[in-house]
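Below you'll find the structure, written out as structure tokens, and then a few comments.
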Amino acid sequence: MNARFTPPTGRIATPFGTAVDGSPIATTTGAASLLSLTTLNCPVPGSATYTNRVDDAPTRANATFAGTGPAGARPGLPRGSAAPDFALTAARGTAHSFAHLREPAREIVLVFLSTHCGPCLQLMPQLASWQRSLADSLTVALVFSGDADEIARLSEQHDLQIALVQRTDETFTDYGMRATPSAVLVDVDGAIASAPAEGGPPIEALIRAAVAQARPAALVVHHA
């Protein structure tokens, strides 16, 4: 059963992450209910199952919707458009800007995370494993929002290779994202190469697709 309402503004903690701001959303009750990705902007206090699309392949997942645009608006930037430049604080690794991430001349997956997001924390071991195992073919860069000390602690705990810290949510906003965890692929020319993947399974699907395109027969994505 669908309902429309305006949630409170500001940061809203939910069992599956954190919402930011509050645009009207369409939602439903029941964990088995399926929601269209294009109808959601911000989560309610509680989990929801929705349909995400990675290269037109539907995937069910949970994520935190950030409410950064009007209801029905698609997240992310157009494919082929220039990926926004940024310079952030490096909590781990030497790369701290978009220009530095592009220096190895390979595709980049930017993964947006929050220290207040439960699914982000659950995904951390997998992300750390992918950073190490795919380093020769794909750059997996983690872009955090939240407390800098907590980001440093998580980076140390999981031995992250690239962890960047936003001052607020500036890079998240520049890339048109609306959920954590979420990810987007940037090609070797610095252009947006995918729609945002929102939630753990869609992020894994995006990384698998990028790896398959880079080295079809030689690499697999390893689970932690």
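Numbering (this note's numbering), first residue to last: 139 to 362. All C-beta atoms, glycine included, are put in the ideal place defined by N, C-alpha and C.
Which term fits residue i, buried or exposed, when burial requires 16 or more other beta carbons within 10 angstroms of its beta carbon?
i, result
"residue 318", "buried"
"residue 343", "buried"
"residue 277", "buried"
"residue 295", "exposed"
"residue 240", "buried"
"residue 291", "exposed"
"residue 212", "exposed"
"residue 230", "buried"
"residue 183", "Only weak support is given to the placement of residue 183: the predicted model assigns it a pLDDT of 31, under 50, and the question is left unresolved by the model."
For residue i, I'd like the list of residues in its chain whose CB is within less than 8 Å of its CB, leaving aside the five on either flank, ordered along the chain.
i, result
"residue 345", "247, 268, 272, 276, 278, 321 and 359"
"residue 364", "Examination of residue 364 is not possible in this model, given that the chain is present from 139 through 362 alone."
"residue 304", "226, 281, 282, 283 and 310"
"residue 258", "155, 251, 252, 318 and 319"
Residue i to residue j, Cα distance in whole Å?
i, j, result
"residue 313", "residue 266", "22 Å"
"residue 245", "residue 324", "6 Å"
"residue 350", "residue 302", "26 Å"
"residue 306", "residue 347", "30 Å"
"residue 390", "residue 297", "Limits of the chain in this structure are 139 at one end and 362 at the other, which puts residue 390 out of reach."
"residue 335", "residue 263", "18 Å"
"residue 220", "residue 332", "12 Å"
"residue 222", "residue 308", "11 Å"
"residue 341", "residue 293", "19 Å"
"residue 300", "residue 287", "16 Å"
"residue 274", "residue 352", "10 Å"
Hey, would you say residue i sits closer than 8 Å to residue j, going by beta carbons?
i, j, result
"residue 330", "residue 216", "yes"
"residue 82", "residue 338", "No answer is possible for residue 82: the residues shown for the chain start at 139 and end at 362."
"residue 218", "residue 315", "no"
"residue 236", "residue 250", "no"
"residue 228", "residue 234", "yes"
Kindly list the residues whose CB is nearer than 7 Å to the CB of residue i, restricted to its own chain and excluding five residues on each side of it in sequence; keep chain order.
i, result
"residue 284", "252, 253 and 254"
"residue 270", "299"
Looking at the ligand SAM, does it come within less than 7 Å of residue i, judged from the CB to the closest heavy atom?
i, result
"residue 257", "In the structure shown, the ligand SAM is absent, as is every other ligand, since no ligand is present at all."
Does the beta carbon of residue i sit closer than 8 Å to a beta carbon anywhere in chain D?
i, result
"residue 264", "In summary, chain D is missing from the structure at hand, where a single protein chain is found."
*Scan the region 262-342 and note each continuous alpha helix (DSSP H) run of 4 residues or more that stays entirely inside, going in chain order.*
286-295 and 308-312
_Secondary structure, beta strand (DSSP E): runs of 3+ residues fully inside the region 226-258_ = 227-230 and 246-252
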